[in-house]
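Working notes, structure below.
Chains as they are written, first to last, in my numbering: chain A, 5 to 14; chain B, 1087 to 1298.
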């Protein structure tokens, strides 16, 4: 999901 | 993971290592803003709360733990272990003027009004301005040691490299996050003046000294 994609960054 | 993000993360890690080594080897934190380091510690602890709820990858978890632990360690070294060398007379930036607006903005502009999301957004906004006390300290004393300059260059490069990562992800993965992008732009722009001095002075072997 978009949220997960965002959270994979540091 | 793309090359820009990897280089950005490594640059970030390098900055932290440079700073910790500088403090440890010289037994001194002169020239370093404790206020900025407190802000960074707040940034990482509020952003990485999802360590407990979401697993992304071993890399992701490892880096998050490293960033939280090293930011807390830096604050400890500055305010406890090497407290006597801390330049508190020059480190007078009022951090509440950054924390409060960042928090209010996070409440107003976010992806979702939930505690974890608001804290994530707050950490993104706060990170974008967290270096201001450090830049303020350098401008107050009018100079920075070379090692401090290398630290600032590595730290500034990190978000700059993330900007390229976001451009890449926009085209390659059709993914973008406006909150992170705008904050990242602000963050990188704040370093521009310093980048200019670093390239024109420090890289040529001169000390970073501001014009009187």
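Just so you know, even glycine gets a beta-carbon here, dropped at the ideal spot from N, CA and C.
Through-space distance from residue j to residue i, alpha-carbon basis
i	j	result
residue 1361 (chain B)	residue 1287 (chain B)	Only positions 1087 to 1298 of chain B appear in this structure, which leaves residue 1361 (chain B) out of reach.
residue 1164 (chain B)	residue 1140 (chain B)	32 Å
residue 1212 (chain B)	residue 1292 (chain B)	32 Å
residue 1166 (chain B)	residue 1261 (chain B)	43 Å
residue 1052 (chain B)	residue 1117 (chain B)	Coverage of chain B is limited to positions 1087 through 1298, which leaves residue 1052 (chain B) absent and any answer about it impossible.
residue 1130 (chain B)	residue 1153 (chain B)	7 Å
residue 1235 (chain B)	residue 1295 (chain B)	10 Å
residue 1156 (chain B)	residue 1162 (chain B)	10 Å
residue 1282 (chain B)	residue 1290 (chain B)	12 Å
residue 1297 (chain B)	residue 1091 (chain B)	35 Å
residue 1144 (chain B)	residue 13 (chain A)	13 Å
residue 1088 (chain B)	residue 1170 (chain B)	43 Å
residue 1128 (chain B)	residue 1158 (chain B)	9 Å
residue 1138 (chain B)	residue 1228 (chain B)	43 Å
residue 1265 (chain B)	residue 1207 (chain B)	8 Å
Pick from the options that is closest to residue i, judged by C-alpha positions
i	options	result
residue 1242 (chain B)	B:1119, B:1214, B:1107, B:1266	B:1214
residue 1225 (chain B)	B:1258, B:1270, B:1261, B:1179	B:1179
residue 1101 (chain B)	B:1250, B:1134, B:1182, B:1126	B:1126
residue 1183 (chain B)	B:1106, B:1236, B:1173, B:1121	B:1121
residue 1119 (chain B)	B:1174, B:1150, B:1154	B:1174
residue 1093 (chain B)	B:1249, B:1206, B:1221, B:1290	B:1249
residue 1099 (chain B)	B:1277, B:1298, B:1244, B:1280	B:1244
residue 1114 (chain B)	B:1128, B:1160, B:1148, B:1087	B:1160
residue 1186 (chain B)	B:1229, B:1258, B:1216	B:1216
residue 11 (chain A)	B:1150, B:1157, B:1239	B:1150
residue 1267 (chain B)	B:1169, B:1246, B:1279, B:1148	B:1246
residue 1276 (chain B)	B:1257, B:1221, B:1195, B:1259	B:1221
Rounded Cβ spacing between residue i and residue j (contact assumed at less than 8 Å)
i	j	result
residue 1204 (chain B)	residue 1188 (chain B)	No, residue 1204 (chain B) and residue 1188 (chain B) are not in contact; Cβ-Cβ is about 11 Å, not under 8 Å.
residue 1132 (chain B)	residue 1209 (chain B)	4 Å
residue 1068 (chain B)	residue 1104 (chain B)	With chain B covering 1087 to 1298 only, the question about residue 1068 (chain B) has no answer from this structure.
residue 1239 (chain B)	residue 1284 (chain B)	5 Å
residue 1253 (chain B)	residue 1168 (chain B)	About 40 Å separates the two Cβ atoms, so there is no contact after all.
Test: residue i CB closer than 8 Å to a CB of chain A
i	result
residue 1142 (chain B)	yes
residue 1280 (chain B)	no
residue 1146 (chain B)	yes
residue 1113 (chain B)	no
residue 1150 (chain B)	yes
residue 1091 (chain B)	yes
residue 1153 (chain B)	yes
residue 1173 (chain B)	no
residue 1177 (chain B)	no
Chain-order list of residues whose beta-carbon lies under 7 Å from that of residue i (same chain, five-residue window excluded)
i	result
residue 1202 (chain B)	1135, 1136
residue 1177 (chain B)	1119, 1120, 1121, 1219, 1223
residue 1097 (chain B)	1240, 1243, 1244, 1247
Residues near residue i by beta carbon distance below 6 Å, same chain, minus five either side
i	result
residue 1146 (chain B)	none
residue 1197 (chain B)	1203
residue 1255 (chain B)	1261
Cβ neighbours of residue i in the same chain (closer than 8 Å, five flanking residues each side left out)
i	result
residue 1269 (chain B)	1210, 1211, 1213, 1214
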